[in-house]
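Peer 1:
Residue numbers (the UniProt record's numbering): 1 to 204.
See the structure below:
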């Protein structure tokens, strides 16, 4: 049996909060695997713009560009809320994901993306948020990349570093890199780095 959105009935939907993000309260019910309709449910939905995340990879140097910045979502759950993560940004209504990727790479890391390779699209927390992430790997020249970047008017304070791929994968294994987009993209790159290096003329 395959369900669609037609198998969910929205009884009522109200906006409880509207700021940079939005919180909606829904009353709904949905069809059941055993047949018929389930009971009425009340659910809160965190409404966000979709996001773009990019792992910049230099196939010649076999290195990745990673960012560090403070993330409010981590302050209650770990000793160090400065996350090691990817270039990332939210999609405005009139933008395409690839446009966001190029813009954010320049703003957050001073990077020019040579080629953008789609990895996947996914919902990071569909139990309570409608955000969908567009995940990419981008080929770059990492020579001279680094330093402090970000837009001052947005309060960004981003440290940019170039990591040998082996060191980034070790940090992943050690749990130092612990956010979903970074984990997924580095695992993808571990599988595909040799192919990308060969295509760049530097693979074994």
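Glycine included, each C-beta is placed from N, C-alpha and C at the ideal position.
Taking the continuous beta strand (DSSP E) assigned at residue 14, which residues delimit it?
Peer 2: 8-18 is the extent of the beta strand (DSSP E) around residue 14.
Peer 1: Using 8 Å as the cut-off, can you tell me whether the stretch 90-105 makes contact with the stretch 168-182, which would need three or more C-beta pairs spanning the two stretches below that distance?
Peer 2: Judged by Cβ distances under 8 Å, the stretch 90-105 makes no contact with the stretch 168-182, as fewer than three pairs qualify.
Peer 1: With distances taken from CA atoms, which of 198, 132, 4 and 26 is nearest residue 43?
Peer 2: The shortest Cα separation from residue 43 among 198, 132, 4 and 26 belongs to 26.
Peer 1: Jot down the residue ranges of each uninterrupted beta strand (DSSP E) in the UniProt domain "Nudix hydrolase" (47-190), minimum 3 residues, whole runs only, in chain order.
Peer 2: Runs of the beta strand (DSSP E) inside the UniProt domain "Nudix hydrolase" (47-190): 51-58, 63-70, 82-85, 87-90, 115-122, 133-139, 147-149 and 158-164.
Peer 1: At a cut of 8 Å, does the stretch 121-130 reach the stretch 142-159 through at least three beta carbon pairs?
Peer 2: Contact fails: fewer than three Cβ-Cβ distances are below 8 Å.
Peer 1: Return the residue from the list 116, 75, 1 and 17 that minimises the CA-CA distance to residue 57.
Peer 2: The shortest Cα separation from residue 57 among 116, 75, 1 and 17 belongs to 116.
Peer 1: Quick check on the DSSP output: the beta strand (DSSP E) that includes residue 31 runs from which residue to which?
Peer 2: Segment: none, residue 31 is in no beta strand (DSSP E) and carries neither H nor E.
Peer 1: Which partner residues of residue 44 appear in the DSSP bridge assignment?
Peer 2: According to DSSP, residue 44 bridges with 25.
Peer 1: Would you call the stretch 131-143 and the stretch 46-54 touching, i.e. three or more CB-CB distances under 8 Å?
Peer 2: Yes, since at least three Cβ pairs between the stretch 131-143 and the stretch 46-54 fall closer than 8 Å, the two stretches touch.
Peer 1: To the nearest angstrom, how far is the alpha carbon of residue 158 from that of residue 32?
Peer 2: Each residue's Cα considered, the two are about 46 Å apart.
Peer 1: Does residue 197 pass the burial test, meaning 16 or more other C-beta atoms within 10 Å, or should it be called exposed?
Peer 2: Residue 197 comes out buried.
Peer 1: Output the distance between the C-alpha atoms of residue 3 and residue 181, rounded to the nearest integer angstrom.
Peer 2: Rounded to whole angstroms, residue 3 to residue 181 spans 28 Å at the Cα level.
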